[in-house]
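Trainee: Below you'll find the structure I mean.
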Amino acid sequence: MSASPASKNLAPIVLPIAVLLIAMLSLQGGASLAKSLFPSVGATGITALRLGFGTLILCVIFKPWRLRFSREQRLPLLMYGLALGTMNFTFYLAIRTVPLGVAVGLEFTGPLALALFGSRRPLDFVWVLLAVIGLWFLLPFGTGMTAIDPLGAALAVSAGACWAIYILAGQRAGAEHGPATVAIGSLIASVIFVPLGLTFAESGIWTWAVMPIALLVALLSSAIPYSLEMIALTRLPARIFGTLMSLEPAMAAFSGMLFLGETLTGLQWLALLAIIIASAGSTLTMRPKKSQLSSVELSDSGQK
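Listed below in structure tokens is the structure:
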């Protein structure tokens with residue numbers, strides 16, 4: 031039996047949406063798997079392994095030795111790599127003591143603030159207000175949120191700030207080479223943070239049994255979601271792509287609940303919902319000439 035005209039019309043949208051959802055599940059599953067290794071290798075150790083293996087994978091995919099960068103691109107490229115490494119480092123330190131969903135929600139405020147920065151439209155202040163409300167109830171000074179570790183929350187917000195810097199620097203550094211720039215940025219991050227992470231890692235990092243799991247973390251957190259998001263991005267309008275990516279804090283919360291046994295309070299779920307609505311709303315209502323969210327969200331795919 032041949033497919034109906036309606037199903038044929040839906041396929042070009044439904045399939046890339048499914049691919050994008052799988053990419054988000056892969057990314058957050060990788061984060062959960064990484065956190066499960068903390069007792070044996072530590073947060074800094076998994077940062078080192080994640081960046082090291084991830085860089086090898088990205089270099090195989092993009093062959094960065096073929097790229098040439100102008101003098102004007104070198105400083106942004108350095109900032110891009112430093113921001114990438116610091117973002118990974120602070121994020122993994124954050125999820126030592128903060129539930130995965132909360133950490134991703136706090137981190138998401140970085141690119142959201144960047145997307146809304148400088149806007150004067152009244153509607154954008156609604157998204158800012160929703161984001162602030164979400165932050166208030168996720169951070170330790172929010173009512174009833176004393177269970178959230180202040181240092182972990184601060185590290186998650188710091189990761190979000192690094193994410194924003196990463197986006198700004200990446201737009202300049204990658205203007206000519208596009209997505210392949212991430213391989214160079216990852217290499218710069220690895221030069222600094224792999225030795226640093228290994229220095230402060232737990233002793234279990236030197237056991238061979240850890241290496242296959244660490245490689246799987248790198249695959250789940252970089253190669254697989256990055257490739258799938260590239261497929262989705264070329265087949266979906268940027269606003270649909272960005273809106274769907276706004277679901278990532280919820281995906282992270284479900285991943286933490288399923289794989290790590292983490293639970294959130296009803297108020298924390300509402301706070302995450304406020305941030306998700308703020309992110310999706312800012313994407314859907316953003317003027318096309320200012321819309322950078324597709325590159326914002328794509329940049330996330332290989333990093334956490």
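The opening residue of the sequence shown carries number 31 in the numbering used here; numbering runs sequentially from there.
Here a beta-carbon is modelled for each residue, glycine too, at the ideal position from N, C-alpha and C.
Just so you know, these numbers come straight off a predicted model, no measurement behind them.
From which residue to which residue does the alpha helix (DSSP H) around Leu263 run?
Mentor: Here residue 263 refers to the residue found at position 233 when the sequence shown is read from its first residue. Leu263 -> alpha helix (DSSP H) spans 254-263.
Trainee: Which residues bound the alpha helix (DSSP H) around Gly182?
Mentor: Here residue 182 is taken as the residue at index 152 of the sequence shown, counted from 1. Residues 180-203.
Trainee: On the CB-based measure, 16 or more other CB atoms within 10 Å of its CB, does Thr237 come out buried or exposed?
Mentor: As a working mapping, residue 237 is identified with position 207 in the sequence shown. The residue in question, Thr237, is exposed, as its Cβ has fewer than 16 Cβ neighbours within 10 Å.
Trainee: Helix, strand or coil for Arg150 per DSSP?
Mentor: Walking along the sequence shown from the start, residue 150 turns up at place 120. Coil, per DSSP.
Trainee: Do the segment 269-289 and the segment 53-64 make contact, defined as three or more Cβ pairs closer than 8 Å?
Mentor: Pairwise C-beta distances place the segment 269-289 in contact with the segment 53-64, as three or more of them are shorter than 8 Å.
Trainee: Within 10 Å of its beta-carbon, does Leu159 have 16 or more other beta-carbons around it, so buried, or fewer, so exposed?
Mentor: Mapped onto the sequence shown, residue 159 falls at position 129. Leu159 is exposed by the Cβ-count criterion.
Trainee: Which same chain residues, not among the five before or five after Thr211, have their C-beta less than 6 Å away from its C-beta?
Mentor: As a first step, residue 211 must be located in the sequence shown, where it is residue number 181. Hits under 6 Å: Ala203, Gly204.
Trainee: Would you say Leu67 and Val240 are within 8 Å of each other, going by their C-beta atoms?
Mentor: Taking the sequence shown and counting its residues from 1, one reaches residue 67 at position 37. Taking the sequence shown and counting its residues from 1, one reaches residue 240 at position 210. In this structure, Val240 lies closer than 8 Å to Leu67 by Cβ.
Trainee: Quick one: grab the DSSP three-state call for Ser309.
Mentor: Locating residue 309 in the sequence shown gives position 279, counting from the first residue. Helix, per DSSP.
Trainee: Please report how far the alpha carbon of Leu226 lies from the alpha carbon of Ile43, in whole angstroms.
Mentor: What you label residue 226 is simply residue 196 of the sequence shown in a count that begins at 1. What you label residue 43 is simply residue 13 of the sequence shown in a count that begins at 1. Approximately 43 Å, taken between the alpha carbons.
Trainee: Grouping DSSP H, G and I as helix and E and B as strand, with all else coil, what is Thr315?
Mentor: For this step, residue 315 is matched to residue 285 along the sequence shown. Here Thr315 sits in helix by DSSP.
Trainee: By the 10 Å Cβ neighbour count, where 16 or more other Cβ atoms means buried, how is Trp95 classified, buried or exposed?
Mentor: Reading the sequence shown from its first residue, position 65 is the one you call residue 95. Classification for Trp95: exposed.
Trainee: Going by alpha carbons, who is nearest to Gly215 out of Arg80, Phe223, Leu107?
Mentor: Taking the first residue of the sequence shown as position 1, residue 215 is located at position 185. For Gly215, the nearest C-alpha among the options comes from Leu107.
Trainee: For Ala213, tell me which candidate among Phe92, Leu153, Ala304 has the shortest Cα-Cα distance.
Mentor: For the purposes of this step, residue 213 is taken as residue 183 along the sequence shown, with counting starting at 1. Comparing alpha carbon positions, the residue from Phe92, Leu153, Ala304 closest to Ala213 is Phe92.
Trainee: With distances taken from CA atoms, which of Ile195, Ile76, Ala48 is nearest Thr229?
Mentor: In the sequence shown, counting from the first residue as 1, residue 229 sits at position 199. Checked all of Ile195, Ile76, Ala48; the closest Cα to Thr229 is Ile76.
Trainee: Is it right to say Arg104 is buried, meaning 16 or more other beta carbons lie within 10 angstroms of its own, or is it exposed?
Mentor: Numbered from 1 along the sequence shown, position 74 holds the residue referred to as residue 104. The residue is exposed, with fewer than 16 neighbouring Cβ atoms inside 10 Å.
Trainee: Is the segment 184-197 in contact with the segment 79-86, if contact means three or more CB pairs nearer than 8 Å?
Mentor: No, the segment 184-197 is not in contact with the segment 79-86.
Trainee: Are at least three pairs of beta-carbons, each pair with one atom in the segment 301-309 and one in the segment 161-168, less than 8 Å apart?
Mentor: yes
Trainee: Taking Gly291 as the reference, which of Tyr196, Ile178, Pro129 has the closest Cα?
Mentor: By 1-based counting over the sequence shown, the position of residue 291 is 261. Minimum Cα distance to Gly291 is reached at Pro129.
Trainee: Go to Thr77, then tell me how far its alpha helix (DSSP H) extends in each direction, as first and last residue.
Mentor: As a working note, residue 77 is residue 47 in the sequence shown. Run containing Thr77: 68-92, per the alpha helix (DSSP H) assignment.
Trainee: With distance defined between alpha-carbon atoms, name the residue in Gly72, Leu50, Arg80, Pro46 nearest to Pro242.
Mentor: Locating residue 242 in the sequence shown gives position 212, where the first residue counts as 1. Of Gly72, Leu50, Arg80, Pro46, the residue nearest in Cα terms is Arg80.
Trainee: Alpha carbon to alpha carbon, how far is Ala133 from Leu181?
Mentor: Here the question's residue 133 lines up with position 103 in the sequence shown. Here the question's residue 181 lines up with position 151 in the sequence shown. Taking the straight line from one Cα to the other gives about 11 Å.
Trainee: Between the C-alpha atoms of Ser257 and Ser251, what's the straight-line distance to the nearest angstrom?
Mentor: Working through the sequence shown from its first residue, we reach residue 257 at position 227. Working through the sequence shown from its first residue, we reach residue 251 at position 221. Between Ser257 and Ser251, the C-alpha separation is close to 11 Å.
Trainee: Ser220: which of Thr116, Lys65, Leu97, Ser62 sits nearest, CA to CA?
Mentor: Counting from one through the sequence shown, the residue named residue 220 turns up at place 190. Ranking Thr116, Lys65, Leu97, Ser62 by CA distance to the CA of Ser220 puts Thr116 first.
Trainee: Can you grab the Cα-Cα spacing for the pair Ala78 / Leu45, in whole Å?
Mentor: Along the sequence shown, one-based indexing puts residue 78 at 48. Along the sequence shown, one-based indexing puts residue 45 at 15. The C-alpha of Leu45 is placed about 35 Å away from the C-alpha of Ala78.
Trainee: Does DSSP put Gly135 in a helix, a strand or coil?
Mentor: Along the sequence shown, read from residue 1 onward, the residue named residue 135 stands at position 105. DSSP places Gly135 in helix when its eight states are reduced to three.
Trainee: Using CA atoms only, rank isn't needed, just tell me which of Leu263, Trp299, Leu300 is closest to Ala48.
Mentor: For the purposes of this step, residue 48 is taken as residue 18 along the sequence shown, with counting starting at 1. Closest by alpha carbon: Leu263.
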